Structure formats: structure tokens, C-alpha cells
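With numbering that gives the first Met the number 0 applied, the sequence shown covers 0 to 388. Single-structure report; data block below.
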Amino acid sequence: MSKQVAEKGYFGEFGGSFVPDELNNVLKILDDNFEKYKNDPEFIEEFDYYMKEYIGRENPLTFAENLMRHVGGAKIYLKREDLNHTGAHKINNAIGQILLAKRMGATRIIAETGAGQHGVATATACAIVGGMDCTIYMGKLDTERQALNVFRMELLGAKVIPVEKGQGRLKDAVDEALNDLVQNYKNTFYLLGSAVGPHPFPTMVKYFQSIISKESKKQILEKEGKLPTAVVAVAGGGSNAIGSFAHYIDEEDVQLIGVEPEEAPTLTKGVPAVIHGFKCLTLLDEKGEPQPTYSIAAGLDYPGIGPEHSYLKTSNRAQYVTIKGQEALEAFQLLSKVEGIIPALESAHAVAYALKLAKTLDKEDVIIVNLSGRGDKDVEQVYKMIKDK
Numbered sequence: 000m001s002k003q004v005a006e007k008g009y010f011g012e013f014g015g016s017f018v019p020d021e022l023n024n025v026l027k028i029l030d031d032n033f034e035k036y037k038n039d040p041e042f043i044e045e046f047d048y049y050m051k052e053y054i055g056r057e058n059p060l061t062f063a064e065n066l067m068r069h070v071g072g073a074k075i076y077l078k079r080e081d082l083n084h085t086g087a088h089k090i091n092n093a094i095g096q097i098l099l100a101k102r103m104g105a106t107r108i109i110a111e112t113g114a115g116q117h118g119v120a121t122a123t124a125c126a127i128v129g130g131m132d133c134t135i136y137m138g139k140l141d142t143e144r145q146a147l148n149v150f151r152m153e154l155l156g157a158k159v160i161p162v163e164k165g166q167g168r169l170k171d172a173v174d175e176a177l178n179d180l181v182q183n184y185k186n187t188f189y190l191l192g193s194a195v196g197p198h199p200f201p202t203m204v205k206y207f208q209s210i211i212s213k214e215s216k217k218q219i220l221e222k223e224g225k226l227p228t229a230v231v232a233v234a235g236g237g238s239n240a241i242g243s244f245a246h247y248i249d250e251e252d253v254q255l256i257g258v259e260p261e262e263a264p265t266l267t268k269g270v271p272a273v274i275h276g277f278k279c280l281t282l283l284d285e286k287g288e289p290q291p292t293y294s295i296a297a298g299l300d301y302p303g304i305g306p307e308h309s310y311l312k313t314s315n316r317a318q319y320v321t322i323k324g325q326e327a328l329e330a331f332q333l334l335s336k337v338e339g340i341i342p343a344l345e346s347a348h349a350v351a352y353a354l355k356l357a358k359t360l361d362k363e364d365v366i367i368v369n370l371s372g373r374g375d376k377d378v379e380q381v382y383k384m385i386k387d388k
């Protein structure tokens, strides 16, 4: 955990647990078990086994030489979470939490998903441990945008429930998952995929996703003999970004840059508010309710953000910038053409900003971009967007 945490579950003024008393008791039990098992040698050994033998870690830190030649400026390295089993960073956290759920005696797993990658990762984790009933909540609009991932989840044995309330997007899926947990907490484990929610979820997700920066820090020192100038990651709910930043937070010379869609600029335009049981920077409408958002990348379509990101923003330790959907679409195509790597639309936002940043730096500077997922899930959507132009 970062040294900026003054009180357990809080990052400055952000975080906490604003939930009904009975759910607070459940979260206290979850926190106690997490604290117990995260330091347990057998738990760590089993987690490490699945990271290596099932997910395929450590994944490469790839020098994007063709991309560098194309744009000029700093060296760009890609942390290849797209090469993980299931195709994204989400599996790191899903495996960690499913191993915890197993030790806690849970028989039923629920989760929320936007782009579908966390749903796929959760269904995969349930399949590998066996005997876990798996229910995934997903906004109806997102089930249509990511129909292939819906089929993947069902193929893996999960039940996918389309949520029609609200906008039918990620926020609404989280609402339904939390309602489910309140009603069924005695036998249900909520495997939350983003670095959001009441304590201890943001801390747990960061712990399991910090393997990203643990590896990239070692890898960049081996390749360049120095730390990067900047680490760039897309920030939706915040899980891949906080995992990318974790081992650099105390390295003050390393710039931490989170990239948001211009259409959902939570960190650049949000205000402190409580959403889904925790306090964070949130986009609010004129009535003080969470503001409707939209992004071409379903995984970024959320009006809030992880509490630690809110703290990193307000304390000026990290910088948060926005990228237009069109810029992400162009980066999606460019990386595909010059490096032979098709990124997720979420990741393409980070790539788009890294291209801008590289031009402002010297050729000896180094940028690490977290390529949080691959773009198989987005190819049909991108095809339609390009064709319809």
C-alpha cells in the first residue's frame, strides 16, 4: 500500500465505505481475510503459479521501434497485458480474488463488466477453480457493443444478465451487482474488477494488479538501465492504471499519466462525491446525480474513478489528460499498421497520448505505455465506425 494512505481504506479524503451496516460487516470479513491471505506463503505460491502457468506471466515489455520512428522523439515501450490469457490485465485480479473467495468458502461469484474483459476473466477464473456459480451483470448497450465477449462468458459457463436500467452501461451494471450482494451476501463473493467501490476493493484490486508495474520496473532497468521518464495508462475505473503506477508512486522523478476519454473526463472535470459506496472524483449533473457518460470504449464509460487516482490527481502526484474518441481510433489503426499489434480501444487512448508526449521529449527519454488489452473484441465495432464515416 502506498505511503500516502493516512487511514485504512482512505487515500486522503477519498475512499471509505458508505454502505448499509450489514454490508459493512461483510466487507470487514473480506478485509480481514485479504489481510490474512495476502501474506500467506501458500496463497502467494498458488497465485504465483497461476500467474506463470495459466496466465503466461511475466509478459514482455516490447520496444515499439517502428512506432518511435514514425512519430519521433522518446522511446516507447509497451507493457504487453494484451498477451495474457483472456487478452487483458483483468485476469490478474480475477485469479487473485477467486483464490481468496475459495478460501472464504464462497459458492457463488458475481461481477460487473463494461467492455466484457472483466466478465470473461471472472468466468475464466470460476472455470479454473471449479464449482463456482458465476453471474455477470452487464449494461444492455454494452452487451450489444461487445456481443462476442457475451458469448465467451456464456461459453465459459457464466450467466450474463443484461441491465436495462439507466443508460444500460457500466454504472448500471455496478448498481445491480451491489444490489445482488446486499441481498445474497451470505454465500456470494463480489469479484469487483475496477479499482473502485467501498474498502477493501480498491486496495485489493491494486494489490493484484501491481504485478504490472512490479514487472515493468524490473524490465525497464534491465533494458535501459534507468527508470522511465513517464508511465502512461488509460484510466476508466482505474485498475490497469493503478497497477501500472503502483511501484513508481514513490519514484518522484517518474511522471505518472492517466488518460481519460474526453467524453467521460472524470478526473479532469469531476468533483468529490460518493458513488457506489465510496468517495471519489465524480461527474455530476445539475441535480447532483452521476452524469451520463459515453465513450467508444465500453470499459471507460463510467462517471467515477478509483479513490487512489482521485488522491493522486488532487495531490499532483499524477497528471490526468483527455483524448478524443477519434484520436484513439487513429492510434488503434496506427499501432496495428506499424507494429502488428491490434490494441483494445481502451488501450488505444493511452497510445494516442503517448504519441503526443513522445514528440515533446528527447530521444533518450523513455515512455512505458500499458497496453491493457488486445483489440479482438473491438475489431467489428471499429470496422463499422470506419465504414460509416
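Quick reminder that beta carbons are idealized off the backbone N, C-alpha and C, glycines included. These numbers come from a predicted model, not from an experiment.
May I ask you to report which of helix, strand or coil DSSP gives residue i?
| i | result |
| --- | --- |
| residue 28 | helix |
| residue 181 | helix |
| residue 109 | strand |
| residue 2 | Note that residue 2 scores a pLDDT of 43, beneath 50, so its modelled location is shaky and nothing firm can be said. |
| residue 369 | strand |
| residue 375 | helix |
| residue 270 | strand |
| residue 395 | For residue 395 there is no data in the structure shown, the boundaries of the chain being 0 and 388. |
| residue 299 | helix |
| residue 199 | coil |
| residue 137 | strand |
| residue 160 | strand |
| residue 382 | helix |
| residue 79 | strand |
| residue 174 | helix |
| residue 19 | coil |
| residue 342 | strand |
| residue 318 | strand |
Buried or exposed for residue i, please, with buried defined as at least 16 other CB atoms from any protein chain shown within 10 angstroms of its CB.
| i | result |
| --- | --- |
| residue 302 | buried |
| residue 314 | exposed |
| residue 106 | exposed |
| residue 295 | buried |
| residue 19 | exposed |
| residue 397 | Residue 397 is absent from the model: the chain starts at 0 and stops at 388. |
| residue 273 | exposed |
| residue 216 | buried |
| residue 382 | exposed |
Cα separation between residue i and residue j?
| i | j | result |
| --- | --- | --- |
| residue 377 | residue 147 | 9 Å |
| residue 247 | residue 236 | 19 Å |
| residue 89 | residue 116 | 7 Å |
| residue 42 | residue 58 | 22 Å |
| residue 78 | residue 289 | 33 Å |
| residue 222 | residue 94 | 29 Å |
| residue 254 | residue 132 | 42 Å |
| residue 81 | residue 49 | 17 Å |
| residue 269 | residue 280 | 5 Å |
| residue 341 | residue 299 | 18 Å |
| residue 69 | residue 323 | 21 Å |
| residue 67 | residue 245 | 26 Å |
| residue 184 | residue 26 | 10 Å |
| residue 291 | residue 141 | 14 Å |
| residue 225 | residue 171 | 43 Å |
| residue 369 | residue 75 | 10 Å |
| residue 203 | residue 118 | 18 Å |
| residue 385 | residue 334 | 16 Å |
| residue 111 | residue 158 | 12 Å |
| residue 316 | residue 154 | 42 Å |
| residue 10 | residue 181 | 25 Å |
| residue 343 | residue 8 | 31 Å |
| residue 250 | residue 227 | 10 Å |
Do the CB positions of residue i and residue j come within less than 8 Å of each other?
| i | j | result |
| --- | --- | --- |
| residue 257 | residue 229 | no |
| residue 372 | residue 331 | no |
| residue 84 | residue 129 | no |
| residue 293 | residue 329 | no |
| residue 72 | residue 282 | no |
| residue 134 | residue 109 | yes |
| residue 242 | residue 286 | no |
| residue 17 | residue 276 | yes |
| residue 91 | residue 200 | no |
| residue 145 | residue 297 | yes |
| residue 193 | residue 104 | no |
| residue 312 | residue 14 | no |
| residue 53 | residue 127 | yes |
| residue 60 | residue 210 | no |
| residue 125 | residue 156 | yes |
| residue 233 | residue 326 | no |
Just checking my contact of residue i with residue j at CB under 8 Å: how many whole Å lie between their CB atoms?
| i | j | result |
| --- | --- | --- |
| residue 366 | residue 353 | 5 Å |
| residue 271 | residue 12 | 7 Å |
| residue 152 | residue 176 | Wrong, their Cβ atoms sit about 14 Å apart, outside the cutoff. |
| residue 390 | residue 138 | Outside the displayed range of the chain (0 to 388) lies residue 390, so it cannot be described from this structure. |
| residue 266 | residue 308 | 6 Å |
| residue 24 | residue 337 | About 53 Å; that fails the 8 Å criterion. |
| residue 387 | residue 198 | The pair is not a contact, with the Cβ atoms about 44 Å apart (cut-off 8 Å). |
Does residue i get closer than 8 Å to chain C when you measure Cβ to Cβ?
| i | result |
| --- | --- |
| residue 9 | In the displayed structure, chain C is absent; only one protein chain is listed. |
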